[in-house]
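Let me begin by presenting the structure, written as structure tokens, before commenting on it.
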Amino acid sequence: MARINRFNEAQMDRFQLHDEVDAKLYVHEYDGRKLLQISTFGRPTRQEVGKLSQTFQLDQEAAHQLFHVLKRDFGFK
Numbered sequence: 181m182a183r184i185n186r187f188n189e190a191q192m193d194r195f196q197l198h199d200e201v202d203a204k205l206y207v208h209e210y211d212g213r214k215l216l217q218i219s220t221f222g223r224p225t226r227q228e229v230g231k232l233s234q235t236f237q238l239d240q241e242a243a244h245q246l247f248h249v250l251k252r253d254f255g256f257k
């Protein structure tokens with residue numbers, strides 16, 4: 181589990197498309213701050229199907245940085 185405080189843009193030498201998985205979104209208030217948590221769950225072929233795989237959290241600043249990238253690269257408004 182990790183709480184992301186900053187996104188740094190980088191270039192990849194090689195890109196690989198990953199398998200699709202399900203994810204759940206949670207919005208919580210903690211110490212007066214809103215946090216977005218995204219939890220992913222294992223692939224259907226995994227030994228323990230549906231087991232929590234990865235979780236990360238974004239505070240307002242990190243969410244704002246991600247929003248600007250989505251706006252710029254995907255045309256979100």
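In case it helps, the numbering used here puts the sequence shown at residues 181 to 257. The C-beta atom is built at its ideal place from N, Cα and C for all residues, glycine as well.
Asked                                                                                                             : Found
Residues near K257 in its chain [Cβ-Cβ closer than 8 Å; skip 5 each side]                                         : K251
Cβ-Cβ distance between I218 and A203 below 8 Å                                                                    : yes
Cβ-based burial, L232 [other Cβ within 10 Å; buried from 16]                                                      : exposed
For K251, three-class secondary structure by DSSP                                                                 : helix
Residues near D199 in its chain [Cβ-Cβ closer than 7 Å; skip 5 each side]                                         : R223
Exposed unless 16 or more other CB atoms sit within 10 angstroms - verdict on L197                                : exposed
Nonlocal neighbours in the same chain, by C-beta distance under 8 Å from F187, ignoring five residues either side : A242, Q245, L246 and V249
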